[in-house]
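Protein chains in written order, with this note's numbering: chain A, 1282 to 1480; chain B, 1282 to 1480. From the three backbone atoms N, C-alpha and C, an ideal C-beta is built for every residue, glycine too.
Number of protein chains: 2
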Amino acid sequence: MGTEKLDTEVRQEQLAQAALSLITIQGLKGLSVARVARRVGLVPSAVYRHFESKDELLDAVLEMIRERLNANVVLASQGATDALQVLRRLVMAHVRLIRENEGILSVVFSDEVHNGHPARKALVHSIIQGYLKKVAQIVSRGQQQGHIRADADPGTVSVMFLGLIQPAALLWHLSGGGFDVTRHVEKAWDLLSKTLKAS
Amino acid sequence: MGTEKLDTEVRQEQLAQAALSLITIQGLKGLSVARVARRVGLVPSAVYRHFESKDELLDAVLEMIRERLNANVVLASQGATDALQVLRRLVMAHVRLIRENEGILSVVFSDEVHNGHPARKALVHSIIQGYLKKVAQIVSRGQQQGHIRADADPGTVSVMFLGLIQPAALLWHLSGGGFDVTRHVEKAWDLLSKTLKAS
DNA sequence: GGATCATGTGAATAATAGTTCACATCAATG
DNA sequence: CATTGATGTGAACTATTATTCACATGATCC
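Rendered as structure tokens:
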């Protein structure tokens, strides 16, 4: 057939992207090598020219997720003044990211991660840890600036930060889009930031 | 073989319990009819005497989860005085429940729920909605008693309540037990309850 | 104690999916 | 222009698993 031959780096990128899209649409269970292949105009066996196994493909997807999370932190920090403002911007960017890629939650909570190769579990752990660390740093900076109360543990706040979004995303997902994540996160953030504000 | 014959209600209970245990140990992906059967000393085909399908078995597991969540609410409310105290007790009971049954999170976030039969998705939605509603009622009661500030939306607080635990449970899971959920939830609750307390 | 019906068994079935392999093809290299 | 190596193809293989069915068995009711 008239299928173009592309360098393996390009294909890897394509395949990882196609995999994440597929997960977003069909869930991780719907992620099959065959479907991913078809999505980029290839035949199933061709995938194995670019990845050793399906597992390796999934790892590539995880790396994509890490990059997008980190990109959000950079974006939210640009032109930053108040740490609380940065956090607010970040929480909203996070909501957008999750909404546009429901697959992320599917992967993070999946069996493939929690009961698959220990290495993959460790990878996801490091991704989330890395993200939380950056959030905690923002909190620390806010404390040094005097915008955030000093007796709040940055680590605890960073986990609470995730907690603003996670259950809301779950409800949004379960309700088929009926739950208003943005509205919830705004209200929840208002409440939380009241506590965080230095008095 | 010398396998005892038991009434279908007993078997259903046994099988659902065995299924939840299996999910806790191996994840939802590791839940096969064969394994569940072996766990109660039966042969795979025998399961179909008590459940129409694997799907129906999963639904039975979900009902178990609902009952345990509701039991926690009753327990935490017993001998209640301050609503904030009730919520604190409930959050701790919830942590214990999740820690002892990691399978609950596996199921709630699974593809089988999110991309399976719409009816199952609706069931999970109703379970969580029901739980949140009860939490919100506790908050409302606290506002009437004057223990909780009046300008906090009970619905928002109930979702935040879940948010205290969910990401912590995820980290605990990912770290293989290294993350101290109880400690985090205590600190996070302290922070949140400062905001909630009526001034 | 014998009939009966729910419960348990073992074998067979069908579908799905990851993976392998022998072969084809195209682009770059010398 | 011929060679070579990377990329793509199609068919086959294997393993897993939910499900069905004909048959066995044991408890219960008359």
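Within 7 Å, strictly: CB atoms of residue i and residue j
{"i": "A:T1476", "j": "B:L1477", "result": "no"}
{"i": "B:R1370", "j": "B:A1357", "result": "yes"}
{"i": "A:T1305", "j": "A:G1384", "result": "yes"}
{"i": "B:A1338", "j": "B:F1332", "result": "At residue 1338 of chain B the sequence reads Leu, which differs from the Ala that was named. Yes; because the gap between Cβ atoms is below 7 Å, this pair is in contact."}
{"i": "B:K1468", "j": "A:D1434", "result": "yes"}
{"i": "A:A1299", "j": "A:V1317", "result": "yes"}
{"i": "B:I1409", "j": "B:A1479", "result": "no"}
{"i": "A:A1236", "j": "A:Q1424", "result": "This structure cannot speak to residue 1236 of chain A, because chain A is shown only from 1282 to 1480."}
{"i": "A:N1396", "j": "B:G1457", "result": "no"}
{"i": "B:K1415", "j": "B:V1355", "result": "no"}
When the options are compared against residue i, the one with the closest alpha-carbon
{"i": "A:V1342", "options": "A:Q1307, A:V1405 and A:R1377", "result": "A:V1405"}
{"i": "B:Q1447", "options": "A:A1417, A:F1390, A:I1419 and A:T1289", "result": "A:F1390"}
{"i": "B:K1286", "options": "B:A1315, B:A1300, B:A1327 and B:Q1307", "result": "B:A1327"}
{"i": "A:V1372", "options": "A:A1450, A:R1319, A:Q1293 and A:A1479", "result": "A:A1450"}
{"i": "A:L1452", "options": "B:Q1426, B:R1422, B:A1479 and B:K1402", "result": "B:K1402"}
{"i": "B:Q1418", "options": "B:A1364, B:L1296, B:I1304 and B:H1395", "result": "B:A1364"}
{"i": "A:L1443", "options": "A:N1396, A:H1395, A:A1374 and A:G1458", "result": "A:A1374"}
{"i": "A:R1380", "options": "A:L1455, A:K1468, A:T1284 and A:R1292", "result": "A:L1455"}
{"i": "A:V1394", "options": "B:K1310, B:V1291 and B:L1301", "result": "B:K1310"}
{"i": "B:E1344", "options": "B:T1463, B:L1301, B:H1465 and B:A1431", "result": "B:L1301"}
{"i": "B:T1284", "options": "B:E1294, B:K1415, B:T1463 and B:R1320", "result": "B:R1320"}
{"i": "B:V1440", "options": "A:V1462, A:K1414, A:Q1293 and A:G1427", "result": "A:V1462"}
{"i": "A:D1336", "options": "A:G1427, A:R1377 and A:V1388", "result": "A:V1388"}
{"i": "B:Y1329", "options": "B:G1360, B:R1292, B:L1350 and B:R1349", "result": "B:R1292"}
{"i": "A:R1349", "options": "A:L1378, A:V1466, A:L1312 and A:Q1295", "result": "A:L1378"}
{"i": "B:F1460", "options": "B:L1413, B:Q1295 and B:V1376", "result": "B:V1376"}
{"i": "B:L1368", "options": "B:S1313, B:V1314, B:L1413 and B:Q1295", "result": "B:L1413"}
{"i": "A:H1465", "options": "B:H1465, B:V1438, B:S1474 and B:L1445", "result": "B:V1438"}
{"i": "A:A1400", "options": "A:D1340, A:R1422 and A:N1382", "result": "A:D1340"}
{"i": "A:T1362", "options": "A:E1294, A:S1407 and A:R1422", "result": "A:R1422"}
{"i": "B:L1312", "options": "A:D1392, A:S1313, A:V1420 and A:W1470", "result": "A:D1392"}
{"i": "A:N1382", "options": "A:Q1295, A:E1294 and A:L1303", "result": "A:L1303"}
Residues sharing a beta bridge with residue i, DSSP
{"i": "B:I1304", "result": "DSSP lists no partner for B:I1304."}
{"i": "A:I1429", "result": "A:K1478"}
Residue i: contacting residues in chain B (beta-carbon distance under 9 Å)
{"i": "A:A1327", "result": "Those within 9 Å of A:A1327 in chain B number zero; the least Cβ separation is about 26 Å."}
{"i": "A:G1311", "result": "D1392 and N1396"}
{"i": "A:I1409", "result": "P1448, L1451, L1452 and L1455"}
Contacts that residue i makes with chain B (C-beta to C-beta distance below 8 Å)
{"i": "A:A1433", "result": "L1472"}
{"i": "A:T1244", "result": "Only positions 1282 to 1480 of chain A appear in the structure, and residue 1244 of chain A is not among them; the question remains open."}
{"i": "A:T1437", "result": "H1465, K1468, A1469 and L1472"}
Under 9 Å by beta carbon: chain A residues contacting residue i
{"i": "B:I1419", "result": "None at all; the shortest Cβ gap to chain A is about 16 Å."}
Residues that residue i contacts on chain B, provided the C-beta gap is smaller than 7 Å
{"i": "A:A1406", "result": "In the sequence under discussion, the amino acid at residue 1406 of chain A is His, which differs from the Ala named in the question. Near A:H1406 (Cβ distances below 7 Å), the residues of chain B are L1455 and S1456."}
Near the ligand MN: residue i beta-carbon under 6 Å from a heavy atom
{"i": "A:N1396", "result": "The ligand content of the structure shown is nil, which means the ligand MN is not present either."}
If you measure beta-carbon to beta-carbon, which residues of the stretch 1297 to 1308 of chain B are closer than 8 Å to chain A? So the close ones are Q1307 and G1308.
Mind checking the stretch 1376 to 1404 of chain A against chain B and listing, in chain order, the residues whose C-beta falls within less than 9 Å of any C-beta there? Answer in chain order: E1383, L1386, S1387, V1389, F1390, S1391, D1392, E1393, V1394, H1395, N1396, G1397, P1399, K1402 and A1403.
Using a Cβ cut-off of 9 Å, which residues of the stretch 1440 to 1456 of chain B contact any Cβ in chain A, in chain order? Here the close residues are V1440, M1441, F1442, L1443, G1444, L1445, I1446, Q1447, P1448, A1449, L1451, L1452, H1454, L1455 and S1456.
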